[in-house]
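Heads up, the numbering used here is the position in the sequence shown plus 942, with the first residue counted as 1. Remarks on the structure that follows.
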Amino acid sequence: MTIGIIGAMEPEVAGLINALEENSVIKTAMTEIHTGKLKGKDVAIVQCGIGKCAAAAVTALLIDRCKPSAVINTGCAGALAPDLKIGDMVISSKAAYHDADLTPFGYSKGQMAGHDLYFNADSELMAKAGIAAGNIPELKGKIKTGLIVSGDQFINISTQKNAIVQLFPDAKVCEMEGASIAHICHDCGVPFLIVRAVSDEASEGVTVAYDEFMPKAAALSAKLVTALLPLL
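Shown next, in the form of structure tokens:
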């Protein structure tokens, strides 16, 4: 059983790759997939790059080359829910696009043709991630489960944030890859989970906070993935 792990940026996967035992590299046209053992589990770790297109393409490559039994997307995100603070952790219950619009054809805003509005995360992965997070002292009282939304924008203006919240009032965080990864996993019949640590508040001044807290958030999310693996 191989677990696929995807992060968009180098800080989101570097620590996981460096911790691999029996590290072997599969070179593809777009990226490198690192395979080996982590916490006794067979894993395939890949950096997909930023944005929905890159995430979808690399997820498809990972599934085709490595046949993972599940895919976990790790990384950081901007807070949408008012109760979230920098350093909090969100475990996905479902994912959706906040920037898709096929409403002229009768679809809901955010819904892609031939698909439901939401891509549901695997319930067993969700439950086990909650257990793993509960064993990490830094995450005590900081764990939320809910909707994660994705789009090809870095949200750093309150009007952008408010528009997303108006469309998805129950969304916890926004980022740029998770829904695409969920989409491909759904179409390929592979269970998925997204875990994202909050790096910023997705509003004015975010770039200052993001530069400071993104590496910390990325490391915290990777720590949760590492704690989750022995439970799978």
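Quick reminder that beta carbons are idealized off the backbone N, C-alpha and C, glycines included.
With which residues is residue 1061 paired in a DSSP beta bridge?
-> In the DSSP assignment, residue 1061 forms a beta bridge with 1037.
Assign residue 990 to one of two classes, buried (16 or more other C-beta atoms within 10 Å of its C-beta) or exposed (fewer than that).
-> Burial of residue 990 is indicated by the presence of at least 16 other C-beta atoms within 10 angstroms of its C-beta.
Can you round the beta-carbon distance between residue 1026 and residue 1115 to whole angstroms, since I take them to be within the 8 Å contact cut?
-> Indeed, because the Cβ distance is near 7 Å, the residues count as touching under 8 Å.
Cβ-heavy atom distance between residue 1002 and the ligand GTP below 8 Å?
-> This structure does not include the ligand GTP; it has no bound ligands of any sort.
Could you tell me the distance, in whole angstroms, from the CA atom of residue 1175 to the CA atom of residue 1128?
-> The displayed coordinates of the chain run from 943 to 1174. Any statement about residue 1175 would go beyond what the structure contains.
Of the residues 1046, 1089 and 1047, the one placed nearest residue 1060, counting alpha carbons only = Nearest to residue 1060 by alpha-carbon distance, out of 1046, 1089 and 1047, is 1089.
Coarse secondary structure for residue 950, derived from DSSP in three states = Residue 950: coil per DSSP, three-state reduction.
Nearest-angstrom Cα separation, counted from residue 1108 out to residue 1093 | In a straight line, the C-alpha of residue 1093 is about 15 Å away from that of residue 1108.
Do you know offhand how far residue 1052's Cα is from residue 1041's?
-> The alpha-carbon atoms of residue 1052 and residue 1041 are separated by roughly 6 Å.
Among all the DSSP beta bridges, which residues are the ones paired with residue 1013?
-> Here residue 1013 is bridged, per DSSP, to 946 and 1134.
Helix, strand or coil at residue 1073 according to DSSP, with G and I counted as helix = Three-state DSSP puts residue 1073 in a helix.
CB of residue 1162 within 9 Å of CB of residue 1074, strictly | Between residue 1162 and residue 1074, the CB-CB gap reaches or exceeds 9 Å.
Which listed residue (1126, 1130, 1103 and 1045) has its alpha carbon closest to that of residue 1117 = Closest by alpha carbon: 1103.
Count the other CB atoms within 10 Å of the CB of residue 1082; is the residue buried (16 or more) or exposed (fewer)?
-> Answer is exposed; the Cβ neighbour count stays below 16.
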